[in-house]
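Positions -24 to -1, 1 to 352 (mature numbering (1 follows the signal peptide of the UniProt record, and there is no 0)) are the ones given, in order, by the sequence shown. Heads up: the structure comes next, in structure tokens.
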Amino acid sequence: MRKKVSNLMVALLVPLLASCSLFGGSDSSSDSSAASSVSSSVSTSTDSGSASSSSSEPADAATIEAYYPFSASVFTKYLGEGNEYASFTVYPQYIEGNRMQITSNNGGTQIVTVLELADGELREVFTRPETYFRENMLEKTASGDAANQLDILLKEPLEVGNSWMNASGVPSEITNLTAQIETPMGNFEALEVTTTYETSTTKDYYVKDMGLVKRVTDLGDDMVVSSSLEARNENVPETQQLRVFYPDSELMGLDASSIALSYATNDVTRTILAEALKNVPDAPGGSLIGPNVSINSLSLSDDGRVYVDFSQEFVSEMNAGTSAESLILQGVVNTIGEYYGVQEVYLTVAGNPYESGHILMAEGAYFTVDYTNVNE
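Shown next, in the form of structure tokens:
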């Protein structure tokens, strides 16, 4: 069961995690287009020892891109002090053009944030807390009250004294170009951005070709919370655990086992999930769906349902009687529904309602996640 955290903790965590530089739409289209426009990775990965900024270029002549690279498949880890949720990890799930989607996890919650670089500003444009599935949200832009909680992380010109007002009415200012910063990964010369709240002050430190290396929040009364760069590893995947449900050997119910999923930046979720369903080592026959089945589209809708469309082989390669077919369908629905954290799955085949020699679904009818027949 996923962890629940207080609104206060989420409110504190969103700006913290969205500031990490290393880091809607349907998964069927946005993911594939993103794969063709990944920005190149930065310098060689380091996860220990000392490092420093070596560029001789004056900081006030640099661009946001220099201090906030959109780097693919870079896993970063921050060590926290002063709060149990100050340690966290960040991964860039999708990069396309001037937008990047990152996922941030502090052990209590996982947040997706979409960042946009435009008009000399790096700003948050969308955020979704409690997001444990992976879906391309690059096309989403927050509106209304949600938009008023988003921040501008950096604004050109990158020079001391340049300031801006965030949507929430909180001011930020570049206060130093050569701040000397210590982190578990090394010492750096960093650009410092100070954000002043009513009762606290936060300083973010950015280093060329690396992004955020440290954040320090002074809450007053000698209470300080910090997050410092501990590791930065290139060319590593994001990993998840998928619980797969499949018919037991006697076709009396469903068994379940976990499968490790591995995603690089811009990998398409529907493709990864389809391959996982074809390779279930503990299932009778070693799979839940046929070897030639593909998922044409997969997305979470605003109505709270997951919409998934399989290729025609989902039916033609099933070769099962009524009982086995029902269990296979329930296994697929349970697997996808649980992954997205929903109760209802609208499953179609080649764009049409599910139909076989045994089961016929009406237009608009959806399947429901059901654990009644799951074996303990």
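For glycine and all other residues, C-beta sits at the position ideal for the given N, C-alpha and C.
Expected contact under 8 Å - CB spacing of residue i and residue j to nearest Å
| i | j | result |
| --- | --- | --- |
| glutamate 132 | threonine 39 | 7 Å |
| leucine 130 | tyrosine 43 | 7 Å |
| glutamine 77 | valine 66 | Contact flag wrong, Cβ pair sits at about 11 Å. |
| leucine 98 | leucine 134 | Not a contact, Cβ separation roughly 11 Å. |
| leucine 230 | valine 325 | Between valine 325 and leucine 230 the Cβ distance is about 21 Å, and since that is not below 8 Å, they are no contact. |
| arginine 110 | threonine 247 | Rounded, the Cβ-Cβ distance is 11 Å, inconsistent with contact. |
| proline 68 | threonine 85 | Contact flag wrong, Cβ pair sits at about 19 Å. |
Residue i versus the options, residue with shortest Cα-Cα distance
| i | options | result |
| --- | --- | --- |
| alanine 250 | Gly313, Ile271, Val183, Gln306 | Ile271 |
| arginine 191 | Asp197, Val66, Asp180, Gln125 | Asp180 |
| alanine 252 | Glu352, Phe64, Ile265, Ser277 | Ile265 |
| leucine 91 | Thr65, Val101, Thr85, Gly83 | Val101 |
| aspartate 243 | Pro213, Ser233, Met228, Ala259 | Pro213 |
| serine 144 | Tyr173, Met161, Val169 | Tyr173 |
| isoleucine 150 | Gly162, Met161, Val136 | Val136 |
| glycine 333 | Thr311, Gly313, Val309, Ala296 | Ala296 |
| tyrosine 239 | Asn81, Gln216, Thr311, Met161 | Gln216 |
| alanine 259 | Arg110, Ala232, Asp194 | Ala232 |
| threonine 107 | Gly83, Ile304, Val256 | Gly83 |
| leucine 188 | Glu331, Gly327, Phe64 | Phe64 |
| residue 388 | Gln125, Thr52, Leu336, Ser234 | Residue 388 cannot be examined here, being either before or after the span of the chain that is shown, -24 to 352. |
| lysine 184 | Ser292, Ala155, Phe51, Ile128 | Ala155 |
| glutamate 301 | Ile335, Lys53, Gly327, Asn328 | Ile335 |
| glycine 261 | Glu226, Val50, Gln125 | Glu226 |
| aspartate 278 | Tyr316, Val50, Val169 | Tyr316 |
Cβ neighbour criterion (16 or more within 10 Å) applied to residue i
| i | result |
| --- | --- |
| proline 45 | buried |
| serine 16 | Confidence at serine 16 is low in this model, with a pLDDT of 37, below 50, so its placement is unreliable and no value can be given for it. |
| isoleucine 157 | buried |
| alanine 236 | exposed |
| threonine 348 | exposed |
| threonine 177 | exposed |
| valine 345 | buried |
| aspartate 121 | exposed |
| tyrosine 61 | buried |
| valine 306 | First, the amino acid is wrong: residue 306 is glutamine here, not valine. Buried, since its Cβ has 16 or more Cβ neighbours within 10 Å. |
| alanine 48 | buried |
| threonine 171 | buried |
| methionine 199 | exposed |
| leucine 303 | buried |
| glycine 313 | buried |
| proline 267 | exposed |
| threonine 298 | exposed |
| threonine 159 | buried |
| leucine 274 | buried |
| serine 139 | exposed |
| threonine 175 | exposed |
| serine 148 | buried |
| aspartate 127 | buried |
| serine 292 | exposed |
| serine 13 | Any reading at serine 13 must be qualified, since the residue scores a pLDDT of 43, below 50, and its modelled position is unreliable; the value itself is stated next. The residue is exposed, with fewer than 16 neighbouring Cβ atoms inside 10 Å. |
Problem set entry | alpha helix (DSSP H) runs wholly inside the region 203 to 278, at least 4 long, in chain order | 245 to 254
Exercise. Just checking, does the region 322 to 341 make contact with the region 210 to 223 on the three C-beta pairs under 8 Å criterion?
Worked result: no
Exercise. Is the number of C-beta pairs between the region 196 to 205 and the region 54 to 66 that are closer than 8 Å three or more?
Worked result: yes
Exercise. Would you call the region 65 to 80 and the region 108 to 115 touching, i.e. three or more CB-CB distances under 8 Å?
Worked result: yes
For this session: Determine, using beta-carbon pairs with one atom in the region 318 to 329 and one in the region 278 to 288, whether at least three such pairs fall under 8 Å.
Result: yes
Exercise. Mind pulling the beta strand (DSSP E) runs of 3 or more residues that sit fully within the region 59 to 89?
Worked result: Entirely contained in the region 59 to 89, the beta strand (DSSP E) runs reaching 3 residues are, in chain order, 64 to 72, 75 to 81.
Problem set entry | Ordered list of beta strand (DSSP E) runs contained in the region 101 to 138, each at least 3 residues | 128 to 131
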